[in-house]
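Peer 1: Chains P and C are the protein sequences, given in the same order.
219 is the number of the first residue of the first sequence in the working numbering; add one for each residue after it.
219 is the number of the first residue of the second sequence in the working numbering; add one for each residue after it.
Backbone N, C-alpha and C define an ideal beta-carbon position, used for all residues, glycine too.
2 protein chains.
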Amino acid sequence: MHTNIQQISGGITAPSGFLSVGVRCGLKTTGNDLAIIYSQEPSVAAAVFTANRFCAAPISISRQHLASASTIQAIVVNSGCANCATGEQGLLDAQRMTEIVAAGLNISSDSVLVASTGKIGTFLLMNKIETGIHNALSVLSRDGCLSAAEAIMTTDTRPKQAAVEIIIQGKQVNIGGMAKGAGMIAPNMATMLSFLTTDAMLPKELLNKMLQEAVNGSFNSITIDGDTSTNDMVAILANGASGIVPNESDLNILQAGLNLVCLELATMIIRDAEGATKLVRILVKNAPDKNSAKIIGLSIANSTLVKCAVFGADPNWGRILCAIGNTGVEIDLKDIDVYVGKVQLVRNSCARGFDHAEAHQLLSMDEVELIIDLKQGTQEAVVLGCDLTTEYVSFNAHYST
Amino acid sequence: MHTNIQQISGGITAPSGFLSVGVRCGLKTTGNDLAIIYSQEPSVAAAVFTANRFCAAPISISRQHLASASTIQAIVVNSGCANCATGEQGLLDAQRMTEIVAAGLNISSDSVLVASTGKIGTFLLMNKIETGIHNALSVLSRDGCLSAAEAIMTTDTRPKQAAVEIIIQGKQVNIGGMAKGAGMIAPNMATMLSFLTTDAMLPKELLNKMLQEAVNGSFNSITIDGDTSTNDMVAILANGASGIVPNESDLNILQAGLNLVCLELATMIIRDAEGATKLVRILVKNAPDKNSAKIIGLSIANSTLVKCAVFGADPNWGRILCAIGNTGVEIDLKDIDVYVGKVQLVRNSCARGFDHAEAHQLLSMDEVELIIDLKQGTQEAVVLGCDLTTEYVSFNAHYST
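Quick look at the structure:
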């Protein structure tokens, strides 16, 4: 880690000028289910939305607002209802959420983003939402980040926050974030959400580029079951409250800090994946290019058979080679080496003897490392996944709507 | 079904001029594990090989022979060892298998195809193979199709055969076939193999085209866990022993017969998928084109979450819409209807009330039908899949190599 970057406790209110809170409005059976993030000054904003073409109403509204408004000043998020597959009424409800927040804060509704997570195919109970928003606005504070992180949880077992303090030009800049996970117990609760804040001063185009890079190496490099939800969204607000305009070399440090916050949150999501017992870290190295390495890593991470083998701590390298061959990536397949931790399972794409007990032992740990050495370039990618367990299947089968 | 086509019992020796047998050579712990198909006359041949770029040695050798020889007269298949990830030695062994068969039958080794299925990363025990081939050649017969179908099984619980009798030009033509499944209990036993025979007289180019069409609608429209094995192969021999040269309209009937045999075998594979309790038939209709319909069907069939929901008999239509949205197929997503059997779950891509008990009941049957009406064209595709069960995960996890 860069010496100018230090991990600190807290989340979205770690940077100056951000207030937040999570409250209970009653969409979930228990707990907080409505969060607001508020920047005291208008913020430059950037976001990455779900690639699922079946996107939910709040995604459409947030996309519109981000395109039309020059700055964003608040984000409102509810859990317990995804407001997805809700047609015209869903769009009206999502827009109305931004209007209620805007009215309370005396800002334009275009400068409010909205996100929802929860059940697909049910309508928002707008009375509860409205009361919830009013309650939340009255208690916004610097201390509200944990309650906000709790309010966006669905099947997550714990809130997910991360923050860093960065020293540039002798002064302090902060980046904070919160996230909720993509694992699913209850049906239709697929969404991965993350909200990030910083008090650095960054132009919109640059913020967009930095967010994209951070997301590629974190939220887009993790997979639980290969599904992309209808409601996925990662958004960042940069309010410039630190007063510092970063120069070229500062930007590298800020990018490193943002990457770190995103990777921390993404790792928390995988660790909290339902039914999963292990985090699987897949390093694909010596690839001709980064993208090929990532495609191969994701193919391995998403292979049902590899995931079952990891659950059973079986050093089943045939399934790993099979997943590599199934990508269609144009690489030479003759000389691939495969390792679990320090135990080499495959040399030059061929079977070789190895210590099964040792491999089994390494695959029995909480954190499993698979290394794929393609030996045909200098690029690499890391993908995080998890095992597939009987518990995952039970959870996802035996819930009846 | 076309009135000139009749399903009959039997398999690869139903057409005239084909002999076959399965014997035990000792690669598996029990049962037959080596099969030979022999055409008394040189046959026109066509084959479809795995799309996995990591293909096994027998795939490479069979591909070479099919390209270099004008006719094929025999196919040799072993189970118990996939001869995959076996490098140079694997290629020599696969080639040697064709040479032993060729010597015994006094034909060219180029006119012999070879296939293997079983464990990845172990070498063939060539002594056993050689003895097995000699034994098999001495007992080839018209009655040997069942023993051959048994000999290609790995984790299949029953042999898979199908045959049809077709009347064209007032005479009888037959098509027969056998297959083994793609489900996996033991690790690395992924392969889907099918061998087809006919006594129709067909030029190579046409046979190729007919096989491709039949495979697209059958073996390429089924999915158990989305993995394509390193050893997959479907081959057909047409020996012309019926003496009939089909005319244009006969060809349509022959194609329908071949489609039927392939679909029967593909359905048997799904019914015998490990750990699966249900066959899921997904009809995607009123699509702009056949390919889009098939991509959407396969996305639904391969969605871990949809498969879990089917296992639990949960009418979880949100996951179905999510799987459709994840394909990236350029269709209009606004007006999609989704049914389970006759119960409509979704109208115009929106939630609607339905009888949950009835939907649950339909999802509890051995055979589940999902219908996706895209309402934007006239094309359709049917995809067959199965549920994902806790048993599947246990099987695939708790086997230690």
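1) Examine chain C for any beta-carbon lying closer than 8 Å to the beta-carbon of Ile403 of chain P, and answer yes or no.
2) Does any residue of chain C have a CB that is nearer than 8 Å to the CB of Gly235 of chain P?
3) Taking all protein chains shown into account, do 16 or more other C-beta atoms lie within 10 angstroms of the C-beta of Val463 of chain C, making it buried, or fewer, making it exposed?
4) Between Gly559 of chain P and chain C, is there a C-beta pair that is closer than 8 Å?
5) Give the DSSP-derived three-state secondary structure of Asn438 of chain C in the structure shown.
6) State the beta-bridge partners of Ile454 of chain P as determined by DSSP.
7) Which residues in the same chain have their Cβ closer than 6 Å to the Cβ of Ser436 of chain C, if we skip the five residues on either side of it in sequence?
8) Against Cys604 of chain P, what residues of chain C qualify as contacts under a CB-to-CB distance less than 9 Å, listed in chain order?
9) Output, in chain order, the set of chain P residues within a Cβ distance shorter than 8 Å of Gln611 of chain C.
10) Out of P:Gly458, P:Asp328 and P:Ala354, state which residue places its alpha-carbon closest to the alpha-carbon of Ala287 of chain P.
11) Please name the residue or residues paired with Arg499 of chain P in a DSSP beta bridge.
12) Taking the straight line between their C-alpha atoms, what separation do you get for Ala274 of chain P and Glu609 of chain C?
13) On the three-state DSSP scale, how would you describe Arg565 of chain C?
14) Quick one: is Lys389 of chain P buried, meaning 16 or more other Cβ sit within 10 Å of its Cβ, or exposed?
15) So, Met451 of chain P versus Ser238 of chain P, is the Cβ gap smaller than 8 Å?
16) Measure the Cβ-Cβ separation of Gly362 of chain P and Asp417 of chain P and say whether it is below 8 Å.
17) Are Ile589 of chain P and Tyr557 of chain P close, meaning C-beta to C-beta below 8 Å?
18) Tell me the residue span of the alpha helix (DSSP H) that contains Asn353 of chain C.
19) Can you give me the start and stop residues for the alpha helix (DSSP H) that Val611 of chain P sits inside?
20) Check each candidate in P:Thr248, P:Gly249 and P:Ala320 and name the one with the smallest Cα separation from Pro260 of chain P.
21) Closer than 8 Å between beta carbons: that is the criterion. Which residues of the stretch 264-297 of chain C meet it against chain P?
22) Can you tell me the Cα-Cα spacing of Asn434 of chain C and Asn301 of chain C, whole angstroms?
23) Once DSSP output is grouped into helix, strand and coil, what is the label at Ile403 of chain P?
24) With 8 Å set as the bound, which would you pick, yes or no: does the beta-carbon of Asn509 of chain C sit closer than that to a beta-carbon of chain P?
25) Is it buried or exposed for Gln379 of chain P, if we count other Cβ within 10 angstroms and need 16 for buried?
26) In three-state DSSP terms, what is Asp539 of chain C?
27) Please report how far the alpha carbon of Gly229 of chain P lies from the alpha carbon of Ala369 of chain P, in whole angstroms.
28) Starting from Gly298 of chain C, trace the beta strand (DSSP E) in both directions and tell me its first and last residue.
29) What first and last residue would you give for the beta strand (DSSP E) that runs through Val332 of chain P?
30) Compare the Cα-Cα distances from Ala599 of chain P to each of P:Ser365, P:Val547, P:Lys560 and P:Asn504 and report the closest residue.
31) In terms of residue numbering, what span does the beta strand (DSSP E) encompassing Gly249 of chain P cover?
32) Based on the DSSP output, what are the partners of Ser359 of chain C in its beta bridges?
33) Could you tell me if Arg537 of chain P is buried or exposed, where buried requires 16 or more neighbouring beta carbons within 10 angstroms of its beta carbon?
34) Ile440 of chain C and Leu580 of chain C: beta carbons closer than 8 Å?
35) For Thr373 of chain C, count neighbouring C-beta atoms within 10 Å of its own C-beta (all shown protein chains included) and say buried if the count is 16 or more, exposed if not.
36) Give every residue of the same chain whose Cβ lies closer than 6 Å to the Cβ of Asn520 of chain P, excluding the five residues on either side of it in the sequence, and list them in chain order.
Peer 2: Here's the rundown:
1) At Ile403 of chain P, the pLDDT of 39 sits below 50, so the modelled position is not reliable and the matter cannot be decided from this model.
2) With a threshold of 8 Å between beta carbons, Gly235 of chain P makes no contact with chain C.
3) exposed
4) no
5) helix
6) According to DSSP, which records beta bridges pairwise, Ile454 of chain P is partnered with P:Ala264 and P:Leu414.
7) Cys480, Leu481 and Ala484
8) What Cys604 of chain P touches in chain C: nothing, since even the nearest Cβ is about 12 Å away.
9) Here the sequence assigns Val to residue 611 of chain C, which means Gln is not the residue at that position. Cys526, Phe529, Leu606, Thr607, Thr608, Tyr610 and Val611, listed in chain order.
10) P:Asp328
11) P:Glu587 and P:Leu602
12) Straight-line Cα distance between these residues: approximately 34 Å.
13) strand
14) exposed
15) Between Met451 of chain P and Ser238 of chain P, the C-beta spacing is not below 8 Å.
16) no
17) yes
18) Met344 to Leu355
19) Thr608 to Ala615
20) P:Ala320
21) Ala269, Asn270, Arg271, Phe272 and Cys273
22) 27 Å
23) For Ile403 of chain P, the predicted structure reports a pLDDT of 39, less than 50, and the residue's modelled location is therefore unreliable. The matter cannot be settled from this model.
24) no
25) buried
26) Checking the sequence, you will find Leu at residue 539 of chain C rather than Asp. Reduced to three states, the DSSP call for Leu539 of chain C is helix.
27) 14 Å
28) Ile290 to Cys299
29) Taken as a continuous stretch (DSSP letters only), the beta strand (DSSP E) holding Val332 of chain P covers Val330 to Lys337.
30) Considering only alpha carbons, the answer is P:Asn504.
31) Element bounds for Gly249 of chain P: n/a, residue is neither H nor E.
32) C:Ser238
33) With 16 or more Cβ atoms within 10 Å of its Cβ, Arg537 of chain P is classed as buried.
34) no
35) buried
36) Thr441 and Gly444
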